[in-house]
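Counting along the sequence shown from 1, when you hit position 306 you're at 296 in my numbering, and nothing is skipped either side. We treat Cβ as the ideally placed atom computed from N, Cα and C, and that holds for glycine. I have placed the structure first, in the form of structure tokens, so that the comments after it can refer back to it.
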Amino acid sequence: MSESKNQEETIEEKIISTPEESKGKEHSAPKKVKRRNFLLWSAAGIAGTGAVLGVGYSYRYTLMFKMMQLMANNTIKAKAFLVIPTKGNIQLVCARSEMGQGVRTAMPMLIAEELDVGLDQVDIIQADGDAMYGDQNTDGSRSITSFFTRLREVGAAARELLIEAAAEKWRVPASECRTNRGMVLHRTKGSIPYGELAEAITSLPLPEKPTLKSSKDFKLLGKPQKGIDQSAIVQGAAPFGIDVEIPGMVYACAARAPLPKATLKGFDDKAALKVPNVLKVIRLRRDKINHLVNDSVVVIAKNTWAAIQGKRALQVKWDDFRLQRESTPDYKNQLEHSLKDPATWRREGDAKAAEKQAEEVFSRAYHTPYLLHAQMEPLVATAHVKQDKTCEIWAPCQDPQRVQKTIASYLGVDVKKVTVHVTFLGGGFGRKSQPDFILEAVAISKQLKKPVKLQWTREDDTKHGFYHSQSFQRLSAGLDKKGYPISWHHQSVFKSLVSVMFEGFDAATPFEFAMAGSNMPYRIDNVLCETGETHASVRVGWLRSVCNIFHSFTVNSFINELADKAGIDPIEYRKTLYGKPRVIKPDFAKPMHTKRMLTVMEKTKKEFGWDKPLPKGHGKGFAEQFSFNSHVAAAMEVSVKDDNVTVHRCTITIDCGFAVNPETVRAQMEGSVAFGLSAGLYGKITLKDGAVKQSNYHDYPVLRMNEMPKVDVHIINGDPNNMGGVGEPGVPVITPALVAATHNATGKRIHDLPVVDTIKEVV
């Protein structure tokens, strides 16, 4: 580590991750509202006197009365809309999917704050898939970061219009008016409800640049708020995918090929057709639909139970002899072998030369398995392909526009003929951003010429997923006399997520390696980051926190091991590596502020009681990670008896810039602990002859209620102008903190996941 760099004041640094060489090697439909009730709404289907305010790429592009023409010319893309009716609650169209992350609460909070209304005065309407909303893909922990300013501008503009309309009616200066709880107020004139001003403001020009509230004046933002859908979910009134009922629909369940490219050799449906309420059996061919789906045999029935029983009675034979038959042990060796001819993604200084000058070279290899999303709600979709070639869909999906495009391509129709109604999601974690299960439902409906609900079973979810990539990594560091690295050499290989979009594209890309890998933030003069090219027979896809999971595990584990080797506390070791505060500009991410990370680390250390002794047989572990523009650290206490790991408590701290709803942030951190422990302790998908061996929660466990540790969450509320995500950045620190605590308790290192497998070998 360079001592001269350590003396610098706050600076900006650019982490360079440009490839230097390549070996060749991303509910129901909105309610209808009468035209007179519209104040701020999309122009789709609306003409006449309604004023229009959309959220475009920039507020200055928002215009009145010309939205129809602008939309037709694709001049702007409106992203969210506000409705102020003459009577009743204000309405907000939510264009992102709700899967427990609280987006349907946080997004209306942004408008409600600036509009001076309470959440009890707001109704949420779930948007269908439509390009007019801009990007609707609910992933990357970016819903609030993308809309934080834009939705506030909508509320602020509406507030200014309402004040101006009231001032004109009262014939007083607008500066004498104020707003509160859906009313415009004046000290002598009294008050007017917003609804009574809806007609008046249609003739007013939009504010060129609405004035946003100062954070010190916030009444809602930054204050804990109850989830807006909480009561409906608890009462069973919230519409999830399985709740959809369409007149005349039938039910379906499919037996799918065990390997993605396997083809149907033959099937016997006699026993299936004898099951009560089974109607018929049909075939779906992958080559006639899309590469995202498998060949399958589908049982059609009068109810879901009959369809599932009929599927179990099928006798099916698959032709897969030409396909790659990947097995887990062999694939691990294949990954390691691919690093013999690597491509470089980051190079600073000369890491290999520095290793030769080092006092010692320390190296470790790490392996992580395929992971499953394992969301509580199995996949389900209802589809109706109609005689006029339009298609209507009801499904728990994260990316309705991708669904529209995929279905339109399959049916050979314009995307506008495909309507996607987004239901609540019973967990998603990236799995429901894939359109395969919806595409299957559409293909069945097309054959049957009637609406159909396709229900996946838990076994279907497990055996036919889009799995989190398996990875192999090797880290080596040249150390100085004090045990700090003067060189850093990180090799990482895994199947690329890009293969989801482009079949056969397997090699890792720079943006994936940058997720906690090549964006390593420590002050080390000589850095080399490399990757290899690999292939895999299973489909891979996004999973909560993506490549940050295995890279953070490796980097944090390696740093913890270096600290132990040097005889230095792991938190103090990191503080030395960070040095004086600076701003780092990593690739594919917003700036990382090392001062904020150091504050998060110190808060975690203090609240955990890091320096206090633990009970005999207990161990503690620490990890930190910058991801999705948020700074997070975690400390964990565990005990190990025989080969059983008990996690007693976890302290986790996040600086996400500004917590719009602290209650949601807290819940997401608690959920991250459960998700991260499930993956770190148990997560493992293995293959035999190319097929997935696991089938349900009994052999792919998730954390049980009695295993959940006490979680102590701390939120550092900072700059509203420097927002970070919340849904994903809590996950990457959990497994490395767990592994470090296990080592502290046992003295044994874990380099291969999951922990429950490896702990048997090291205890």
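*Roughly how many whole angstroms lie between the Cα atoms of Ser629 and Phe665?*
Going by the C-alpha atoms only, they are around 20 Å apart.
*Check each candidate in Met122, Val107, His176, Leu728 and name the one with the smallest Cα separation from Arg142.*
Arg142 has its Cα closest to that of Val107, out of Met122, Val107, His176, Leu728.
*Please report the residue range of the beta strand (DSSP E) in which Trp295 lies.*
No beta strand (DSSP E) contains Trp295, which is instead part of the alpha helix (DSSP H) from 294 to 303.
*asked:* Which same chain residues end up closer than 6 Å to Lys407 when comparing Cβ atoms and leaving out the 5 residues on each side of it in sequence?
replied: So the list reads Thr380, once near-sequence residues are dropped.
*asked:* Give me the residue from Lys203, Gly172, Gly599 with the minimum Cα distance to Val73.
replied: It is Gly172 whose Cα lies nearest to the Cα of Val73.
*Out of curiosity, what's the CA-to-CA distance linking Lys738 and Ala553?*
If I take the Cα positions, the gap works out to 15 Å.
_Cβ-based burial, His583 [other Cβ within 10 Å; buried from 16]_ = For His583, the number of other beta carbons within 10 angstroms of its own is at least 16, and it is reported as buried.
*Relative to the alpha-carbon of Arg312, which residue among Ala252, Pro359, Ile298 has its alpha-carbon at the smallest distance?*
Checked all of Ala252, Pro359, Ile298; the closest Cα to Arg312 is Ala252.
*Taking the alpha-carbon positions, what's the Gly90 to Gln126 distance?*
Take the alpha-carbon of Gly90 and the one of Gln126: they are about 16 Å apart.
*Look up Asp110 in the DSSP assignment and say whether it is helix, strand or coil.*
Helix, per DSSP.
*Using DSSP with H/G/I as helix, E/B as strand and the rest coil, what is Trp532?*
Trp532 falls in the coil class under three-state DSSP.
*On the three-pair Cβ rule with 8 Å, is the segment 576 to 595 touching the segment 675 to 688?*
Counting Cβ pairs under 8 Å, fewer than three are found: no touch.
*Around the C-beta of Lys485, are 16 or more other C-beta atoms found within 10 angstroms, so that it is buried, or is it exposed?*
Lys485 is buried by the Cβ-count criterion.
*Along the chain, which unbroken stretches of the alpha helix (DSSP H) at least 4 residues long are found entirely within the segment 405 to 458?*
Segments of the alpha helix (DSSP H) lying fully in the segment 405 to 458: 426 to 438, 448 to 453.
*Ala245 - partner residues in DSSP beta bridges*: Paired residues: Val287.
*Would Asn796 be called buried (16 or more neighbouring beta carbons within 10 Å of its own) or exposed?*
Only positions -9 to 753 of the chain appear in the structure, and residue 796 is not among them; the question remains open.
_So if DSSP puts Thr318 in a beta bridge, which residue, or which two residues, is it bridged to?_
According to DSSP, which records beta bridges pairwise, Thr318 is partnered with nothing at all.
*Is Asn127 helix, strand or coil by DSSP?*
In the structure shown, Asn127 sits in coil (DSSP, three-state: anything other than H, G, I, E or B).
*Assuming Ser620 contacts Cys646 under a Cβ cut-off of 8 Å, what Cβ separation, rounded to an integer in Å, is found between them?*
Yes, they are in contact, since the Cβ atoms of Ser620 and Cys646 sit about 4 Å apart, within 8 Å.
*Buried or exposed by the 16-neighbour rule on C-beta atoms within 10 Å, applied to Ser221*: Exposed, because fewer than 16 other Cβ atoms sit within 10 Å of the Cβ of Ser221.
*asked:* What would DSSP say about Lys278, mapped onto helix, strand or coil?
replied: In the structure shown, Lys278 falls within a helical segment according to DSSP collapsed to helix, strand and coil.
*Work out the CA separation of Leu469 and Ile549 for me, nearest whole Å.*
Those two C-alpha atoms are separated by around 12 Å.
*asked:* Helix, strand or coil, according to DSSP, for Tyr400 in the structure here?
replied: The answer is helix: DSSP assigns Tyr400 an H, G or I state.
*Whole angstroms is fine: what's the gap from Leu274's alpha carbon to Ser286's?*
Cα to Cα, the separation comes out at about 5 Å.
_Validate contact between the segment 341 to 351 and the segment 469 to 483 using beta carbons, cut 8 Å, 3 pairs_ = Judged by Cβ distances under 8 Å, the segment 341 to 351 makes contact with the segment 469 to 483, as three or more pairs qualify.
*Taking contact to mean at least 3 C-beta pairs separated by less than 8 Å, is the segment 706 to 717 in contact with the segment 132 to 140?*
Yes, the segment 706 to 717 is in contact with the segment 132 to 140.
*Ala242 and Ile434 look like a contact to me (Cβ under 8 Å); what is the Cβ gap, rounded to whole Å?*
5 Å between Cβ atoms; contact.
*Report buried or exposed for Asp601, applying the criterion of at least 16 other Cβ atoms within 10 angstroms of its Cβ.*
Classification for Asp601: exposed.
*Could you tell me which residues DSSP puts in a beta bridge with Ala156?*
Looking at the DSSP output, Ala156 sits in no beta bridge, so it has no partner there.
*Indicate the three-state DSSP secondary structure (helix, strand or coil) for Ser204 in the structure shown.*
Ser204 falls in the coil class under three-state DSSP.
*Is it right to say Lys750 is buried, meaning 16 or more other beta carbons lie within 10 angstroms of its own, or is it exposed?*
Exposed: under 16 other Cβ atoms inside 10 Å.
*Report the residue from Thr178, Asp389, Ser204, Arg586 whose alpha carbon sits nearest the alpha carbon of Leu100.*
The option with the nearest alpha carbon to Leu100 is Ser204.
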